[in-house]
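Going by my numbering, the sequence shown opens with residue 11, and the numbers climb by one from there.
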Amino acid sequence: LKSPNPEEVLMSVQVLAASGSKEAVGPLTDLLRSGPRNDITNSIIQALGSIGQKSSVAILIEYLEHRRPDARVAAIYALEALTDPRITDALENRLRDSDAQVRSAAALALGKRGSKTSVNILFQAFDRGVYDAAIAIGQIGVPTDAERMGTYLGKVDVKLLLPGFDEFLRRKDFPEKAKIKILEQLFELAGPDVRRFAVAYKATFPPDTQEDE
11 LKSPNPEEVL
21 MSVQVLAASG
31 SKEAVGPLTD
41 LLRSGPRNDI
51 TNSIIQALGS
61 IGQKSSVAIL
71 IEYLEHRRPD
81 ARVAAIYALE
91 ALTDPRITDA
101 LENRLRDSDA
111 QVRSAAALAL
121 GKRGSKTSVN
131 ILFQAFDRGV
141 YDAAIAIGQI
151 GVPTDAERMG
161 TYLGKVDVKL
171 LLPGFDEFLR
181 RKDFPEKAKI
191 KILEQLFELA
201 GPDVRRFAVA
211 YKATFPPDTQ
221 EDE
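Structure below.
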C-alpha cells in the first residue's frame, strides 16, 4: 500500500478486498484519507464494502459527500450490505443528491437493504423524478404501498411504474390478493406496455400452470 507505484497500490487494495481481512480496514482507511488518485480511491471504497466491517461505516458515510459522483456511488454500494442505524438516514439524504446516478443508486440501495421505514421518502423521491424509487418501493412495500403506487396510473407513464409493480408481484412474501389487485388495476389500462408486461409475468409461471390460474 505504500509503494510509489500506483499500479502496485491498486493491486494490493484489490488483494486485500478479496481477502476479507478485518485487519486491512485500518491501513485501507489510512490510505483513503491520504487522498490517492481517483481509481485507487474508488477501489478502496469498494474494498471496505467487500470486507464489511462496521468500523468502515463512518468513513464510507463521509464519502457520500465526496466531490465526485462516482465516488459517492461507490460509497453507496459499499454501505448497501452493512448494518448500522446511521446508514439508512445517510442513504435517504442522497435521494436529494445533485447527481441523478447517485440518487438512483441510493434508492436502489434502500430497497436492497429492506429499509421499510424509507417507503414514504421513496415516494417523495419518485415524485421528484427518481424513478428507480419505484423498484425499491416494490421490494419493501406492503399492500397499501402497492395501492398507493396504483394511484399514479394514468398520471405518469406506466413504463415508470411497471418495474415497481414487477417487484411486488415477484415477492414470495407479498399477499396473493394484493398481487391480483395490482393486475386488475394494470389490465384496466390495457395498453401495449401493460400487455408486454403481462406476457413477461406469465412466462414466470411453472409450465403446467393453467390459463385461469
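Beta carbons: idealized from backbone N, C-alpha and C, even for Gly.
Of all alpha-carbon atoms in 47, 70, 45, the one lying nearest the alpha-carbon of residue 57 is that of 70. In the three-state scheme derived from DSSP, where H, G and I count as helix and E and B as strand, residue 74 is classed as helix.
Out of 197, 47, 43, 113, the CA that lies nearest to the CA of residue 15 is found in 47.
In this structure residue 55 is in contact with residue 85, their Cβ atoms being roughly 5 Å apart against a cut-off of 8 Å.
For residue 166, the pairing in a beta bridge is given by DSSP as 163.
Residue burial is scored here from C-beta neighbours: residue 59 has at least 16 other C-beta atoms within 10 angstroms and is therefore classed as buried. Looking at 170, 184, 129, 23, the one whose alpha-carbon comes closest to that of residue 37 is 23. Around the CB of residue 43, fewer than 16 other CB atoms lie within 10 Å, so the residue is classed as exposed. In its chain, beyond the 5 residues on either side, 71, 74 have a beta carbon closer than 6 Å to the beta carbon of residue 100. Taken through DSSP and simplified to helix, strand or coil, residue 143 comes out as helix. Pairing residue 112 with residue 79 gives a Cβ-Cβ distance under 8 Å.
A residue is called buried once 16 or more other Cβ atoms fall within 10 Å of its Cβ, and residue 17, having fewer, is exposed.
Following the DSSP letters along the chain, one finds residue 187 inside the alpha helix (DSSP H) bounded by residues 186-199.
Following the DSSP letters along the chain, one finds residue 33 in no alpha helix (DSSP H), marked with neither H nor E.
Straight across, the Cα-Cα distance linking residue 177 with residue 13 is about 47 Å. The three-state secondary structure of residue 126, taken from DSSP, is helix.
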